[in-house]
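Below you'll find the structure, written out as structure tokens, and then a few comments.
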Amino acid sequence: DGGITQSPKYLFRKEGQNVTLSCEQNLNHDAMYWYRQDPGQGLRLIYYSQIVNDFQKGDIAEGYSVSREKKESFPLTVTSAQKNPTAFYLCASSKGYGHYGYTFGSGTRLTVV
Amino acid sequence: GQQLNQSPQSMFIQEGEDVSMNCTSSSIFNTWLWYKQDPGEGPVLLIALYKAGELTSNGRLTAQFGITRKDSFLNISASIPSDVGIYFCGVYNNAGNMLTFGGGTRLMVKP
Numbered sequence: 279d280g281g282i283t284q285s286p287k288y289l290f291r292k293e294g295q296n297v298t299l300s301c302e303q304n305l306n307h308d309a310m311y312w313y314r315q316d317p318g319q320g321l322r323l324i325y326y327s328q329i330v331n332d333f334q335k336g337d338i339a340e341g342y343s344v345s346r347e348k349k350e351s352f353p354l355t356v357t358s359a360q361k362n363p364t365a366f367y368l369c370a371s372s373k374g375y376g377h378y379g380y381t382f383g384s385g386t387r388l389t390v391v
Numbered sequence: 233g234q235q236l237n238q239s240p241q242s243m244f245i246q247e248g249e250d251v252s253m254n255c256t257s258s259s260i261f262n263t264w265l266w267y268k269q270d271p272g273e274g275p276v277l278l279i280a281l282y283k284a285g286e287l288t289s290n291g292r293l294t295a296q297f298g299i300t301r302k303d304s305f306l307n308i309s310a311s312i313p314s315d316v317g318i319y320f321c322g323v324y325n326n327a328g329n330m331l332t333f334g335g336g337t338r339l340m341v342k343p
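Chains as they are written, first to last, in this note's numbering: chain A, 279 to 391; chain B, 233 to 343.
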């Protein structure tokens, strides 16, 4: 079955370390997205990519970096420059055209201690 | 960017009660989507609305695309504990390639 997979589900890191969150999809979707969600809050867009080898900053890109070397993969790196990295991170994908909505992964909860 | 106002922000209801939430904007849109996020999971698409005035059901859920194209409503009938979660509305930008989400309505159901 096609889907979108985020790993790991839970991640712990020490303050000052970079950490990379994985997102893989086998839906043949062109577009992929990263969102951050804080407790009891909505979804804030970090980065998005409409096509391989291209990506754009979202509303809260500072302290984050991404790459899109393959259609299936859109990893997110949380750098030490991100001042408050503890959050729930959601990856999503879509066809990139047509109003079909996004398919979301099950999320990665990052805790920085 | 587009601003979606979702209300209420949270609801705490008794099992068996009906629920109503809405999403409004000052701009018109051609598509309204409703998602549900279970605790600790990613959002899942519940209902998609493509035509002004459209009323669409999915089990106990019913959503309507407002006639003015500036709002949408989601109703849940006879709520059950597994309805707990955050409900998000979403609309597409003019180019049709980016979704904007509302702030969410957190639903809590007391058994």
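Where is the CB? At the ideal position from N, CA and C, for every residue including glycine.
Keep in mind that this is a model prediction, so the values were computed, not measured.
Distance between PRO286/A and THR298/A, taken at the CA atoms: about 10 Å.
Annotation note: the segment 255–282 of chain B contains the following uninterrupted beta strand (DSSP E) runs of length 3 or greater, listed N- to C-terminal: 264–269 and 275–281. Measuring C-alpha to C-alpha distances from ASP332/A to each of ASN296/A, PRO363/A and MET310/A identifies MET310/A as the nearest. With its beta carbon at least 8 Å from every one in chain B, ALA339/A lies outside the interface. In this structure, the beta-carbon distance from GLY374/A to ASP316/A does not fall below 8 Å.
By the Cβ criterion, the segment 291–298 of chain B is not in contact with the segment 233–242 of chain B, since fewer than three pairs of Cβ atoms, one from each stretch, lie closer than 8 Å. VAL391/A counts as exposed, since fewer than 16 other beta carbons sit within 10 angstroms of its beta carbon. For PRO275/B, the closest Cβ of chain A is nearer than 8 Å.
The three-state secondary structure of SER314/B, taken from DSSP, is helix. Of all residues in the segment 251–271 of chain B, only ASN262, THR263, LEU265, TYR267 and GLN269 come within less than 9 Å of chain A when Cβ atoms are compared, listed by chain position. Counting along the chain, ALA365/A sits inside the beta strand (DSSP E) bounded by residues 365–372.
Annotation: GLN303/A has no Cβ neighbours in chain B at a cutoff of 9 Å; minimum Cβ distance is about 12 Å. For GLY281/A, none of the residues of chain B pass the 9 Å Cβ criterion, the least Cβ distance being about 11 Å.
In this model, GLY376/A and VAL341/B are separated by some 35 Å (Cα to Cα). Here LEU354/A carries a strand assignment [DSSP, helix/strand/coil].
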